[in-house]
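Undergrad:
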Amino acid sequence: MRFNFFLFTILCLNFLLTCFTLSAKPNTYSDQEFSEQHVQSHQLIFSINAGVGVITNPLRGGDNVPLVVIPQIAFYAEDWFFDNGRLGYSLLQTSKHQFNVVSELNTESRFFIDWHPSNVFTLQSSNADSPFYLQAAEASSVKNVNLNDLHKRHLALDTGLAYHYVSDHHVFSVQLLHDVTNVYNGVRGALQWQYHTQLGPVNIKPSFGLNYKSAELNTYYYGLKDGETLLGKVEVGSSWQPYAKIDAKFPLSDDYSVRFHLAYYDYSAIDDSPLLERNYSMTAFLGLERVF
386 MRFNFFLFTI LCLNFLLTCF TLSAKPNTYS DQEFSEQHVQ SHQLIFSINA GVGVITNPLR
446 GGDNVPLVVI PQIAFYAEDW FFDNGRLGYS LLQTSKHQFN VVSELNTESR FFIDWHPSNV
506 FTLQSSNADS PFYLQAAEAS SVKNVNLNDL HKRHLALDTG LAYHYVSDHH VFSVQLLHDV
566 TNVYNGVRGA LQWQYHTQLG PVNIKPSFGL NYKSAELNTY YYGLKDGETL LGKVEVGSSW
626 QPYAKIDAKF PLSDDYSVRF HLAYYDYSAI DDSPLLERNY SMTAFLGLER VF
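What follows is the structure, given as structure tokens:
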């Protein structure tokens, strides 16, 4: 597995975070700061981000997704909530503990479908491996595997449980979801730590996490089915995939802010997949946010 780029990103973000922490003060709670973890009931949050950015597509023949206009929509009732494509019901709500039933479209299909909700609601800051081997004679034909030649990868709806623990300006999250639409019939999970701080007027939220994806999920999206290529059926094992994100806002007024977002998702745990051209995906955005 190759983690060089990820480790470089982690070191850079850790250095920035250390600098911020030494001169920064933790944020006090605000209605919009913790999204799903800490929002008042019966509150609608709507904003538009306009600027320049991109989501890089790691698949062979896959197009990068340009980011120009990005909406953010969230509504929280007494127990139910909708947060940027994520529908949930709160089972437990305290100042430190949040335990929710959640449902959302699986994010892996965003590389196969341009208008996937994960490519629309991009600026979200919330959540045994058995690799396959090809014979040497077949390995060269991997380069001929192209996204446009594959069968359609369908949208899947995942449902499960999410837990958040809030301690001052730290948010620790864990979730476990299962496909309920019989598309890939697997599970995925995530562990995440997020830090909320402020450097002068700038609100900063770095996040580090680890995604778990079952063999069923990886095989459906990143393996090969019989008849797709001359390689025949190819299965991909389960994986643990780290990621890092940083989100920053510089307020210009009560309604306008300059928004910066950078995220790195590591795919080196499944880089033997014949569909992958790169073993990572990045999201970068810089623009102006208008809150309504």
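Going by the working numbering, the first residue of the sequence shown is number 386, and it counts up by one from there. Backbone N, C-alpha and C fix where the C-beta goes; we use that ideal spot for every residue, glycine too. All values reported here derive from a predicted model rather than from experimental measurement.
Can you tell which of F484, L540, P586, K481 has the C-alpha that lies nearest to the C-alpha of K634?
TA: P586
Undergrad: Please name the residue in W465, F557, Q583 whose C-alpha comes closest to that of F593.
TA: F557
Undergrad: Taking only three categories from DSSP, how would you classify F400?
TA: Residue confidence is low: F400 scores 48 on pLDDT, short of 50, so the model does not pin down where it sits. Its coordinate-derived value is still stated next. Here F400 sits in helix by DSSP.
Undergrad: Below 8 Å on the Cβ atoms is my contact criterion, and I expect E489 with D564 to pass it. Report the Cβ-Cβ distance as a whole number of Å.
TA: Not quite, the Cβ-Cβ distance comes to about 11 Å (not below 8 Å), so this is no contact.
Undergrad: Between which two residues does the beta strand (DSSP E) harbouring Y628 extend?
TA: 624 to 636
Undergrad: Once the 5 residues before and after N485 are set aside, which same chain residues still bring their CB inside 6 Å of it?
TA: Cβ neighbours of N485 beyond the five flanking positions: G473, S475, A547.
Undergrad: In terms of residue numbering, what span does the alpha helix (DSSP H) encompassing L535 cover?
TA: Here L535 belongs to no alpha helix (DSSP H), and DSSP marks it neither H nor E.
Undergrad: Using beta-carbon positions only, say whether L584 and V572 come within less than 9 Å of one another.
TA: no
Undergrad: Run through the stretch 465 to 495 for me and flag every whole beta strand (DSSP E) of 3 or more residues, listed as ranges in chain order.
TA: Here the runs fully enclosed are 465 to 468, 471 to 478, 482 to 490.
Undergrad: Taking C-alpha atoms, which residue in D468, L452, D639 lies nearest to A459?
TA: D468
Undergrad: Going by beta-carbon coordinates alone, are Y597 and G612 separated by less than 9 Å?
TA: no
Undergrad: From which residue to which residue does the alpha helix (DSSP H) around T680 run?
TA: Look at the range of the chain in this structure, 386 to 677, and you will see that residue 680 is not part of it.
Undergrad: Can you tell me the Cα-Cα spacing of H539 and S638, whole angstroms?
TA: 42 Å
Undergrad: Alpha carbon to alpha carbon, how far is L595 from Y652?
TA: 11 Å
Undergrad: Since V643 sits in a beta bridge, which residues does DSSP pair it with?
TA: Residue pairing by DSSP places V643 opposite F635, L673 in a beta bridge.
Undergrad: Is it true that the CB of I433 sits closer than 9 Å to the CB of F677?
TA: yes
Undergrad: DSSP on I498, reduced to helix/strand/coil?
TA: coil
Undergrad: Just reading off the alpha helix (DSSP H) that T604 is part of, what are its end residues?
TA: 600 to 607
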